[in-house]
Structure formats: structure tokens, C-alpha cells
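Asker: Each residue of the sequence shown is one higher than the last, beginning at 126 in the numbering used here.
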Amino acid sequence: MALTKSIHGEWSSRFAYILAATGSAVGLGNIWKFPYITGENGGGAFVIVYLACVVAIGIPIMIAESMMGRRGRQSPVNTLVTLSEEAGANKNWHFLGWMGVIAGILILSYYSVIAGWASAYVFKAIFGGFSSDATVIKATFDELMASPVQLVFWHTVFMVATMSVVMRGVKSGLERAVQLLMPTLFALLIILVGYAMTTGEAYFKGLSFLFSPDFSEIDGDAVLTAMGHAFFTLGLGMGAIMVYGSYLPSGISIAKTSLYIAGADTIVALLAGIAIFPLVFANGLEPGAGPGLIFQTLPIAFGNMTGGWLFGILFFVLLVFAALTSAISLIEPVVAWLVENKEFTRVKASIISGIATWTLGVSVALSFNVLSDFKMFDKTIFDLLDYLTANLMLPIGGFCIAIYAGWIMQKKHVREELDLPEQQFKLWEVLVCYIAPGAVFLVLLDVIGIL
Ligand code: PHE
């Protein structure tokens, strides 16, 4: 029999859930990663593929994943055990939960290092202000990358912050943190877009880079990156939204909330792109500069604009918080599992999983300097973890979730949870049974070289 409530607590309202899930979705993926991978993959055409993936694959899978969470009401591993019993399905499906737990830890290990960069920039913003000269700004970034001590220090600060929120649990920890931060971040992005508009011709160059597609730039790998990013940015395929769904009270519409969350996430990413690319062109920078892109562009804006000192501080503070609200959702599946199965307190569960993630993160921090020559499959540790998780584990996890919700669970249970008008249910069913898993499968086949 299905549980009626999670032992870990529940969100206090629909709005609280939307904020928390949007907090999970909106993060470094939108503001740091989306612009630089768009830059590396030629712009407009990549953006279109990414948007198509969000609509046709991401949204249906987000509905599926949160629906499974609410029905199971436990950590993803145990939710899959319960749901499989209910559906009379093979117990091995709980390995899908484990893959998610591992993906969450792997992602957080590098996510925390990048969030550490943003934290370092808060202090640079406060104490130095930013220069308006692009070469000085690039040198500042290069200096940070070259320093193992600074990178590990900031990674540590960020991990400690994350785990101390997670320790406090669903209501007082996770919920409170996002309520103020999300709206402020949004306002700040609008200010940055306003600044980008003052760059004149470069503004239009930036917009045209983002929105006029040239499909000759797109190959199988670019499509995989766009699809992987759709999973990454929405926080799908590893149990984060499943565990958040498990704290969702009955009676709240899963489909509607998913649309809001995906909509907000997409708008933030596009705003970040619109703020950043004009600066790239105005300052003769390379759109394909890689992971350092926003750290080499936005400070220029802060260095030049009136009030830039304050806006610079605010922006990086908010970026750190956006990362924090995503980070807590990356680690929540394993923490919830440790509490359920090992009967650990939340505090102990948080400390143990935090230490494991931190340790791995140290190797990521070093992969930008002392270990930069250490490569597997021609990738540094950072590149490898990013590729493995975003491009492979999340799409594979999402594929399995679509199959599970579409083919394994009993239709009457799914209908009961989603409570949608028949036509909308049918539409979702087609997407989750055929379109989403079919598309993921084809892209993966193409990348392995079978197509
Ligand atoms: N969605 C987050 C971001 O865009 C990252 C994330 C990935 C969160 C997977 C949860 C699960 O930054």
C-alpha cells in the first residue's frame, strides 16, 4: 500500500514546492553552463535543439519523475522498490535509483568546485571591484585556475554550506533558502540584460548568435550535448526531482507545476545568454572560451557600469545561492536513503555523504592545474565527470524513468497521481512512452556510432 506521507516531511504549499524545484533546476547549468556550451557549439542551432529537447523530452520526463516520487514517497532507491512491488515489476529496477545516487554525487563533486569559483568572485567583487579591461579580467581568472589552494578552499566552503542546509531538512533548510533568492536572481539578470543592450551593435550580434540557427554547426555530439543539457538544467534523470516530488502533498497538480518549473528554468538560461553574448562580441572575446566564459565576460560589465561594484557583488552572491539550491537537491537522494535504510540522523547522513563528495571534488579542483595533464579518454577529470554525468548518466536515467512511468507502472496508478483531463493524459502518454525514450535512444546510438 502506498504511503500517504514522507517520513522526511512535506513542502508546506504548492508554491513552496515550485520554488524548491525551480531552485533545483535553476543553477550553474543556466548561468554558467548554458552560455559556454552554446558558445562552443556554434549558437542558434544548438539553442533550438536544446529547446526542442526541453519540450519533447524534458517536460514529459519531469512529469514522470516527480509523479513517481510522489507515489513512492521515499528516497529514489526505496521509491523504486515500493513502486515495483505495487506494479508487480522486477525488483532490480531499484538499481535505477542507485545510478541516480551515484550521478548526484559525481555531479556535485564538480558542481561544488565551479560554485567555489563563483564564491571566490564574490570576494574579488567586494575587495577589488572589477577592472573594465578584458585582459586584466582574464588574467584574474587564469590566476584562480592555477591555484590549487584557492580552488580547494572555495570548494570546501561551498560543500560545508551545502551540507549545513541539507542537515536542517525539508522545511526549515531547503524551503526557506529559496524563497527570497530566486526572485532576486531574476531581477538581477534583467539588469544585466539591460546593460547588454547598451553595447549597441554587439547586442544585435549577440542576439543573432543566440537565435539565428546555422545547422551546419550541429553534429551528433552537439545534439547529445544539447539533450544532455536539457536533462542537466532541468535536474532530471538522477532522482533529484523524484525526491522533491516525494515531499509533495497529494492533490497538487504535477503537470502544471512541471510546466512552471521548466518555463522558469528556460527563461533564466535565455536571459543569461542574452546578457552574456553581447559582452563577448563587444570585447572581442571568443564565444567558445569554455567553462571560464561568464567569469571572463560579466566582470567587464560590472567594471564598466554605474553601480557595478554593488551589482557585481550581488550577482555572484546570487549565483552561489542558485548553485546552493541545486546542490542540495543533488545530494538529497543519498541523504534520504541513509536516513531510511541505515537509520542515520540527517546530520550524520549529511556529513558522511558530504565528505565523500568533497573528496572527489578535490581531484576535480586539481584537474584545472596540477592534474591538468592527467587525462582519460582524452579528457581531464572535470571534463570526464561532466561528460559521463550530463551526456550519459542523466539521459540514460531519464530514458529508464520514461520507460518505467510509461510501460511498467499500472495505468490506473499513474492516472490517479497525475489526475489530468483525458486528452492531456493521452498527449503525455505518447511523449513519455514513445517520443522521449525514442529520441534519447536514437541520439545515444548515434553517438556510439551505430547510426
Ligand atoms: N539543474 C541544475 C543546474 O542547472 C543542476 C542539477 C542537475 C540539479 C541534476 C539537480 C540534478 O544547475
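The beta carbon of each residue, even a glycine, is placed where N, CA and C say it ideally should be. Predicted model, so just to flag it, every value in this text is computed and none were measured.
Could you check how far apart the C-beta atoms of N516 and T350 are, in whole angstroms? I think they sit under 8 Å.
Answerer: 6 Å
Asker: Taking 7 Å as the cut-off, does the CB of F357 come closer than this to any heavy atom belonging to ligand 1?
Answerer: yes
Asker: Please report the distance separating the alpha-carbon of Q304 from that of L435.
Answerer: Distance between the alpha carbons of Q304 and L435 is about 22 Å.
Asker: Can you give me the C-alpha to C-alpha distance between P579 and A474, rounded to a whole angstrom?
Answerer: Given a span of 126 to 576 for the chain in the structure shown, any question on residue 579 remains unanswerable.
Asker: With burial defined as no fewer than 16 other Cβ atoms inside 10 Å of the residue's Cβ, what is the status of R540: buried or exposed?
Answerer: exposed
Asker: Which same chain residues, not among the five before or five after M430, have their C-beta less than 6 Å away from its C-beta?
Answerer: Y320
Asker: Determine whether the beta carbon atoms of P185 and P458 lie at a separation below 8 Å.
Answerer: It is not a contact, given that the beta carbons lie outside the stated cut-off.
Asker: Assign G253 to one of two classes, buried (16 or more other C-beta atoms within 10 Å of its C-beta) or exposed (fewer than that).
Answerer: G253 is exposed by the Cβ-count criterion.
Asker: Would you kindly check if the distance between the Cβ of P412 and the Cβ of F334 is under 8 Å?
Answerer: yes
Asker: Just curious, the alpha helix (DSSP H) that S454 is in, first and last residue?
Answerer: 433-466
Asker: My output table needs one value for K504: the three-state DSSP class, helix, strand or coil.
Answerer: strand
Asker: Just to confirm, is the Cβ distance from A240 to T450 under 8 Å?
Answerer: no
Asker: Answer yes or no: the CB of I239 versus the heavy atoms of ligand 1, is any distance below 7 Å?
Answerer: no
Asker: Measure from the alpha carbon of N257 to the alpha carbon of each residue in G433, I521, V318, F446, then state which is nearest.
Answerer: Looking at the sequence itself, residue 257 is Ser, so the reference to Asn does not match. Nearest neighbour of S257 by Cα position, chosen from G433, I521, V318, F446, turns out to be G433.
Asker: Kindly list the residues whose CB is nearer than 6 Å to the CB of N408, restricted to its own chain and excluding five residues on each side of it in sequence; keep chain order.
Answerer: A259, I425
Asker: Can you grab the Cα-Cα spacing for the pair I132 / V179, in whole Å?
Answerer: Taking the straight line from one Cα to the other gives about 32 Å.
Asker: Measure how close the beta-carbons of N466 and A271 come, nearest whole angstrom, since I'm counting them as under 8 Å.
Answerer: Incorrect: roughly 43 Å between the Cβ atoms, too far for contact.
Asker: Would the C-beta of M518 count as close to ligand 1, meaning under 7 Å from any of its heavy atoms?
Answerer: no
Asker: Which stretch, first to last residue, makes up the alpha helix (DSSP H) that contains K158?
Answerer: Element bounds for K158: n/a, residue is neither H nor E.
Asker: In whole angstroms, what is the alpha-carbon distance linking S234 and V290?
Answerer: 17 Å
Asker: From this set, I386, G331, T482, which residue's C-alpha is nearest S149's C-alpha?
Answerer: I386
Asker: Quick one: is A312 buried, meaning 16 or more other Cβ sit within 10 Å of its Cβ, or exposed?
Answerer: Counting Cβ neighbours within 10 Å, A312 comes out exposed, since fewer than 16 surround it.
Asker: Between I379 and I188, which are expected to be in contact by the criterion C-beta below 8 Å, what is the C-beta distance as a whole number of angstroms?
Answerer: 6 Å
Asker: For A448 versus Y236, is the C-beta distance shorter than 8 Å?
Answerer: yes
Asker: What separation, rounded to the nearest whole angstrom, lies between the Cα atoms of M126 and P308?
Answerer: Residue placement at M126 is flagged as unreliable, the pLDDT there being 45, under the threshold of 50; a coordinate-derived value is accordingly withheld.
Asker: Would the beta-carbon of K296 fall within 8 Å of that of S137?
Answerer: yes
Asker: Report the CB separation of A490 from L276 in whole angstroms; it is logged as a contact under 8 Å.
Answerer: 4 Å
Asker: Which runs of the alpha helix (DSSP H) spanning at least 4 residues fall entirely within the segment 190-247, listed in chain order?
Answerer: 201-212
Asker: With G197 and T207 assumed to form a contact (beta carbons below 8 Å), what rounded beta-carbon distance in angstroms separates them?
Answerer: The Cβ separation is near 5 Å, so the contact holds.
Asker: Taking only heavy atoms of ligand 1 into account, decide whether any of them is closer than 7 Å to the Cβ of L153.
Answerer: Answer for L153: yes, Cβ within range of ligand 1.
Asker: Verify whether the separation of the beta carbon atoms of F420 and W242 is less than 8 Å.
Answerer: yes
Asker: Once the 5 residues before and after M518 are set aside, which same chain residues still bring their CB inside 6 Å of it?
Answerer: A228
Asker: Does the distance between the C-beta of I399 and the nearest non-hydrogen atom of ligand 1 fall short of 7 Å?
Answerer: no
Asker: Counting only the same chain and skipping the five closest in sequence on each side, list residues whose C-beta sits under 6 Å from that of A181.
Answerer: I560
Asker: Contact between the segment 388-402 and the segment 145-164 is defined here as three or more beta-carbon pairs at a separation below 8 Å; is this criterion met?
Answerer: yes
Asker: Quick one: complete alpha helix (DSSP H) runs, 4+ long, within the segment 284-324?
Answerer: 301-322
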